[in-house]
Amino acid sequence: MCLWSILGKMRLTVPCRAVTCSHLQCFDAALYLQMNEKKPTWICPVCDKKADYENLIIDGLFLEILNDCSDVDEIKFQEDGTWCPMRPKKDPPATTRTVRRWSKEVTETLQGCFEATD
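Residue numbers for the sequence shown, in mature numbering (1 follows the signal peptide of the UniProt record, and there is no 0): -18 to -1, 1 to 100.
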């Protein structure tokens, strides 16, 4: 589950959703209220159902998760209801062979582009 807002491409600060929604994914309450102040549609950005102001709730569990995991962007819920942070896998260091192959592919692609425009 992503800890970034679908609305603002930034980390959630006030995680909320409507009680009418069936999903767990939250969106940022502050951004949602700002958007609806300018152009009131009151539609959930996750599921496109009606999400009126009166039906919004702050998700306490998500708020706790955000406070506990300031260095991760995603979590995973387990079957038993617990959750764990999803740490990004570190890319293995590029080998000289990999860099040379990539460099050759880029050079060939660029040459093909320039030849196509002549």
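No residue lacks a Cβ here, since even glycine has one placed at the ideal position from N, Cα and C. Bear in mind that the values here come from a model prediction, so they are computed numbers and not experimental data.
Under the criterion of beta carbons closer than 8 Å, Leu13 and Ser(-14) qualify as touching, at roughly 6 Å. Assignment of beta-bridge partners to Glu56 by DSSP yields Cys(-17). Restricting attention to Gly(-11), Leu38 and Gln7, the CA atom closest to the CA of Lys58 is found in Gln7. Counting C-beta atoms within 10 angstroms of its own C-beta, Asp41 has 16 or more neighbours from the protein chains shown and is therefore classed as buried. Here Pro(-4) is not near Leu38, since their CB atoms are 7 Å or more apart.
Closest in alpha carbon position to Leu(-7), among Ala(-1), Gln60 and Glu56, is Glu56. Rounded to whole angstroms, the gap between the alpha carbons of Asp50 and Leu43 is 10 Å. Rounded to the nearest whole angstrom, the C-alpha separation of Lys(-10) and Asp34 is 22 Å.
Contact annotation: Cys(-17) and His5 have beta-carbon atoms that are not nearer than 7 Å. The alpha-carbon separation between Glu19 and Thr2 amounts to approximately 21 Å.
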